[in-house]
Amino acid sequence: MQVNVDDILNLAKKEKGLYENLLALVEEEMKYAREGNASALMDVLRRKQEIISRQEILLERWEELASAMGVKSSRETVEFWDILSSKLGEKGYQEVIGAVIEIREKAAETLRKETEVQKELEAHLEKLRSNLLKLNDGMRAFKAYTK
0 MQVNVDDILN LAKKEKGLYE NLLALVEEEM KYAREGNASA LMDVLRRKQE
50 IISRQEILLE RWEELASAMG VKSSRETVEF WDILSSKLGE KGYQEVIGAV
100 IEIREKAAET LRKETEVQKE LEAHLEKLRS NLLKLNDGMR AFKAYTK
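Counting in this note's numbering, the sequence shown runs from 0 upward without gaps.
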């Protein structure tokens, strides 16, 4: 299979963009966690799930690329990168490696921020639990009213 550097770089660019969007949502999540705004937190979690679903689709595209190159394993393996290197040549390979490094840095930053949000949520857990119960009760009352 002919491997196109631009296609791979475009795939990496999309993945990096998703991590940037996810990071922005994690920062928004922190804001709402500090405020104890359960409704806004639920909305952020829904939007994060949408991005995670799109990331899973991109991961499938990476796997399709690996399969098309005859690689039986994922991009997390040496085999994948060895074959990709042989197909792209040194310059193309270095471009792709640079893009993947950026993705990993963005993913690591997102994970660090997620950990901070988890600590913040744990600190406010009781208040959030109470707010979520009120929100849930309000939703049930609304549904009962609209029947």
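Here a beta-carbon is modelled for each residue, glycine too, at the ideal position from N, C-alpha and C.
Start and end residues, alpha helix (DSSP H) containing V25: From DSSP, the alpha helix (DSSP H) with V25 extends over V4 to E34.
Helix, strand or coil at V99 according to DSSP, with G and I counted as helix: The three-state reading of DSSP puts V99 in helix, counting H, G and I together.
Helix, strand or coil at M68 according to DSSP, with G and I counted as helix: coil
Three-state secondary structure assigned by DSSP to K47: helix
Pairwise C-alpha distance: W61 and E69: It should be pointed out that residue 69 corresponds to Gly in this sequence rather than to Glu. Their backbone Cα atoms lie some 13 angstroms apart in a straight line.
Within 8 angstroms, strictly: CB atoms of E134 and S38: The question names Glu, yet the displayed sequence has Leu at residue 134. In this structure, S38 lies closer than 8 angstroms to L134 by Cβ.
Continuous alpha helix (DSSP H) stretch holding S129: start and end: Unbroken alpha helix (DSSP H) run through S129: L124 to T145.
Contact under 8 angstroms by Cβ, M29 with E115: yes
Sequence-distant residues of the same chain with beta carbon closer than 7 angstroms to G88, five excluded per side: none
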